[in-house]
Amino acid sequence: MSTTTDPLVENEGKPDTPWHLWVVGVIATLWNSGGALDYSMTQTRNESYMSGFTPEQLEYFYSFPAWADGVWALGVWGAFIGSLLILLRSRHAITAFGISLVGLIGSFLYQMTADMPPSLSTPGIWIFTAVIALSIIFLLWYTRAMAGKGVLR
């Protein structure tokens, strides 16, 4: 005699974790760790990391006002922490990605109004910025959807 069990009953009313949550969480963590590395190396002025930039580019990076560094930090660390929170199945990932989006908007506003060297204002740089924005928007949407289904708690 075979019996079937309801996964919601077995998991005390909590839905099973869908396979795609792990895929999204791991890819997001890897992707956003690149931003965390870039931010950390730039802020610490790591000579080896920064050696690939021209003096003009270095002057631009090192002259950011405190508020621009702050919104950059919100964008980077919000996304990285949000990615980890996906893997922990925490609903606080939504807040982290919301903070990241606010930071990204602030960084974008700074980039649009700052005296950016022409070598940093190329189509490739702007496409990369758009990819970052789309990834944060996707992750914010995704975490809201997973929270709505009860996967994130």
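Under the working numbering, the first residue of the sequence shown carries the number 20, and numbering increases by one thereafter. Where a beta carbon is used, it is the ideal one built from N, C-alpha and C, also for glycine. Because the structure is a prediction, the values reported are computed rather than measured.
DSSP three-state assignment for residue i, whether helix, strand or coil
| i | result |
| --- | --- |
| SER82 | coil |
| GLY97 | helix |
| THR162 | helix |
| GLY117 | helix |
| ASP88 | helix |
| LEU153 | helix |
| MET135 | coil |
| PRO142 | helix |
| PHE127 | helix |
Residue i versus the options, residue with shortest Cα-Cα distance
| i | options | result |
| --- | --- | --- |
| ALA152 | LEU128, LEU40 and ARG110 | LEU128 |
| PHE99 | VAL45, ALA166 and ARG172 | VAL45 |
| MET165 | ILE105, ALA149 and ILE146 | ILE105 |
| ASN51 | ARG64, TRP96, PRO74 and SER59 | TRP96 |
| PRO137 | GLU75, LEU49 and SER59 | GLU75 |
| GLY71 | ASP57, GLY143, PHE83 and LEU49 | ASP57 |
| LEU49 | PRO84, GLU66 and LEU103 | LEU103 |
Cβ shell of residue i (< 8 angstroms), same chain only, five flanking positions each side left out
| i | result |
| --- | --- |
| MET135 | TYR79 |
| SER126 | ALA87, VAL90, TRP91 and GLY94 |
Cβ shell of residue i (< 7 angstroms), same chain only, five flanking positions each side left out
| i | result |
| --- | --- |
| VAL170 | PRO34, THR36, PRO37, LEU40 and ARG108 |
| LEU139 | GLN76 and TYR79 |
| SER59 | none |
Short Cβ contact (8 angstroms threshold) for residue i with residue j
| i | j | result |
| --- | --- | --- |
| GLY117 | LEU159 | yes |
| LEU115 | GLY101 | Looking at the sequence itself, residue 115 is Ala, so the reference to Leu does not match. It is a contact, given that the beta carbons lie within the stated cut-off. |
| VAL43 | TYR161 | yes |
Residues near residue i in its chain [Cβ-Cβ closer than 6 angstroms; skip 5 each side]
| i | result |
| --- | --- |
| ALA55 | VAL95 and PHE99 |
| THR61 | PHE80 |
Original post:
Quick check: the region 102-112 against the region 130-150, are there 3 or more CB pairs under 8 angstroms?
Top reply: no
Subject >> the region 89-104 touching the region 119-127, judged by at least three CB pairs closer than 8 angstroms >> reply: yes
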